[in-house]
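Chains as they are written, first to last, in our numbering: chain W, 1 to 158; chain L, 1 to 196. All residues carry an ideal CB built from backbone N, CA and C; glycine is no exception.
What follows is the structure, given as structure tokens:
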């Protein structure tokens with residue numbers, strides 16, 4: 001039965017690697033932050049956008065106030081909306097509310113973190129550090145997984 | 001009929017006067033909106049290589065026009081990628097199909113910036129910029145709305161009409177592909193304009 005054991009070992013090993021590479025999460029207070037990721041910038045562009053899922057397990061609302069990173073000059077939280085045929089970018093100056101018991105997903109074509117004035121090239125598969133500041137839960141250091149420019153969904157479900 | 005026509009003209013005038021744009025007409029059927037408001041027209045701008053561009057140079061070939069900007073994180077690159085995927089699927093028949101990407105942010109999007117930006121996309125495309133007045137003139141031909149929105153860091157983003165305009169080989173407006181449409185719609189509509 002040795003070959004089977006070996007196979008099982010490899011299967012577990014690969015599965016382990018895979019899930020480590022494709023999903024990661026953090027906890028701070030009542031909040032769970034699932035798989036922060038960002039898209040690499042396009043050539044000729046110095047902006048990139050970032051995403052994550054935030055789950056509030058608590059019974060009081062919290063608020064994502066800021067995202068800080070070293071690789072960009074400024075970072076803002078934006079909402080993207082279509083008003084008829086017009087695309088609008090709305091800066092959420094007061095942050096993003098995470099209602100009690102709710103899951104808030106930042107994703108392409110919707111609410112996202114906007115990294116502006118990128119200081120370095122973001123390379124796919126790289127993990128880049130950042131910090132999230134919540135009104136109640138406080139600060140938490142996270143890493144954004146870089147995915148290729150143009151990726152329109154997280155690799156979370158792979 | 002005269003009253004109805006007058007009413008249409010009055011409504012059109014009100015819309016244009018109030019907002020400076022007629023993009024609401026895009027949702028109406030047919031190539032030209034009633035009341036004689038035509039979409040599309042000549043484009044005189046500067047291309048990504050710094051040369052003067054005149055849309056008359058595309059005479060005899062269908063093309064697409066999209067207004068956007070390179071600091072746009074989502075809808076602009078997505079639209080250009082969608083065109084690339086659709087033209088790749090159509091294959092040989094679409095090899096001369098050109099997409100004009102007109103910046104609504106000429107302040108930041110110089111020819112050099114556009115040249116690099118356009119290299120991200122595999123479809124045949126030309127990045128176009130110009131003076132603010134030249135860009136405004138092109139946008140007006142397509143009833144495109146755009147507006148600078150200041151951000152808290154002293155920078156800005158652009159709100160803009162995110163519609164892909166299809167122009168047939170006679171230089172006439174054929175139809176649009178809107179933001180929400182899927183790959184199949186891109187393929188079907190580009191095939192239609194190629195056959196028109």
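| said: Cutting at 6 angstroms between CB atoms, please list the residues of its own chain near residue 180(L), excluding the five before and the five after it. | reply: none
| request: Jot down the residue ranges of each uninterrupted beta strand (DSSP E) in the stretch 31-77 of chain W, minimum 3 residues, whole runs only, in chain order. | output: 31-39, 47-56 and 62-69
| message | Along the chain, where does the alpha helix (DSSP H) containing residue 194(L) start, and where does it finish? | response | 183-195
| task | List the endpoints of the continuous alpha helix (DSSP H) containing residue 55(L). | result | Taken as a continuous stretch (DSSP letters only), residue 55(L) belongs to no alpha helix (DSSP H), as it is neither H nor E.
| Segment contact, 8 angstroms Cβ cut-off, at least three pairs: the stretch 44-54 of chain W with the stretch 99-110 of chain W | yes
| Nearest-angstrom beta carbon gap, residue 158(L) and residue 147(L) [assumed within contact, 8 angstroms] | 7 angstroms
| task | Kindly indicate the opening and closing residues of the alpha helix (DSSP H) around residue 117(L). | result | 111-118
| Within the stretch 86-131 of chain W, ranges of the beta strand (DSSP E) (whole runs, at least 3 residues) | 86-91, 96-98, 103-106 and 112-118
| request: Kindly give me the distance between the Cβ atoms of residue 178(L) and residue 121(L), rounded to whole angstroms, as I take these residues to be in contact under 8 angstroms. | output: Contact flag wrong, Cβ pair sits at about 20 angstroms.
| message | Any C-beta of chain L within less than 9 angstroms: which residues of the stretch 84-95 of chain W qualify? | response | 84, 85, 86, 87, 88, 89, 90, 91 and 93
| query | Taking Cβ to Cβ, would you say residue 128(L) is nearer than 7 angstroms to residue 74(L)? | reply | no
| query | Name the chain W residues that come within less than 8 angstroms of residue 153(L), Cβ to Cβ? | reply | 73, 74, 76 and 116
| field | Start-to-end residues for the alpha helix (DSSP H) that takes in residue 90(L) | value | 75-90
| said: I need the DSSP call for residue 152(W), collapsed to helix, strand or coil. | reply: coil
| If you compare alpha carbons, which of 152(W), 56(W), 143(W) and 149(W) is closest to residue 35(W)? | 143(W)
| query | alpha helix (DSSP H) containing residue 138(L): first to last residue? | reply | 132-141
| query | Is it the case that the Cβ atoms of residue 40(W) and residue 149(W) are separated by a distance below 7 angstroms? | reply | yes
| Any chain L beta carbon closer than 7 angstroms to residue 113(W) | no
| field | Contacting residues, own chain, Cβ-Cβ under 7 angstroms from residue 110(L) (five flanking each side not counted) | value | 129
| Selection from 72(W), 86(W), 56(W) and 101(W) that minimises the alpha carbon distance to residue 131(W) | 72(W)
| request: Measure from the alpha carbon of residue 124(L) to the alpha carbon of each residue in 106(L), 96(L) and 112(L), then state which is nearest. | output: 96(L)
| task | Under 7 angstroms between beta-carbons, which chain L residues line up against residue 80(W)? List them in chain order, please. | result | 74
| Contacts of residue 38(W) in chain L (Cβ-Cβ under 7 angstroms) | The premise fails here: residue 38(W) is roughly 10 angstroms from chain L at the closest Cβ pair, so nothing lies under 7 angstroms.
| field | For residue 126(W) and residue 207(L), the rounded distance between their alpha carbons | value | Coverage of chain L is limited to positions 1 through 196, which leaves residue 207(L) absent and any answer about it impossible.
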